[in-house]
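Note that the numbering used here has the sequence shown beginning at 39, numbered continuously upward. By construction, the Cβ of each residue, glycine as well, lies at the ideal position given by its N, Cα and C atoms.
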Amino acid sequence: MSQGDSIKPSTLSRRDFLKLMGAAGTALTFAPFVPWGKFMPNPDSAKIEKVPVILPDGGQANVNTFPVNHAEVVTYPSTGDKVLDNESFRKWQFIRLPDELGGGAKDATAFRVYSMVCLHLWCLWKYWPQEGRKRGECPCHGSMYNPLTGTAFAGPASLQASPSNTLAKLDLEADNNGD
């Protein structure tokens, strides 16, 4: 190949650049008027579905057999995929309250299910049932959570304004068998 046969790289002319910027500006001008919500999933069409609380051993939680002042880590929503089910945002603390907070009741009011993701910097907190503690504690920065309400009462998470200082919670129901 000789020097004269070399391919000249294409360049964008000033005129073409201005045309491109004009087209982009026009598109951005009208973008707020496009009904983007029609292309998003509609939460009103979502089905509300009751699912059993499945414990790490594979059994189903029951108000008659789950120990008072005890906690287990449960996965919700469970996908069946081990990798997806290990995501932090699918982990929840399933807590049966201590007796003094109503944990002796044989109904769903004795239980709480809170997201395990700490409100401060998204570490995973844990419920401690020992006498003198009986609270949720984050090992990263020391935030502490009330097991009855899920609200942070100490540490950096407690400095956030309400409702940002309260853990996400799942509602529970129990049938006649305690499941």
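Open item on the list: In the DSSP output, what is W130 paired with across the bridge?
Closed with: Taking the first residue of the sequence shown as position 1, residue 130 is located at position 92. DSSP, once it has assigned bridges, lists V112, S153 as partnering W130.
Task: Neighbourhood of C178 by C-beta distance below 8 Å, restricted to the same chain and skipping five residues each side - done: As a position in the sequence shown, residue 178 is number 140, starting the count at 1. For C178, where only same-chain residues beyond five positions count, the Cβ hits under 8 Å are C156, H158, L159, C161.
Open item on the list: Once the 5 residues before and after V106 are set aside, which same chain residues still bring their CB inside 7 Å of it?
Closed with: As a working mapping, residue 106 is identified with position 68 in the sequence shown. So the list reads R134, P136, D137, G141, G142, once near-sequence residues are dropped.
Open item on the list: For the pair the segment 145–155 and the segment 119–127, tell me if three or more CB-CB distances fall below 8 Å.
Closed with: Touching, yes, given that three or more Cβ pairs across the two stretches are closer than 8 Å.
Task: Minimum C-alpha distance to A206 - residue among D145, P185, W166 - done: In the sequence shown, counting from the first residue as 1, residue 206 sits at position 168. Closest by alpha carbon: P185.
Task: Simplified DSSP state of M59, which is helix, strand or coil - done: Stepping through the sequence shown from its first residue, residue 59 is reached at position 21. Note: M59 maps to helix in three-state DSSP.
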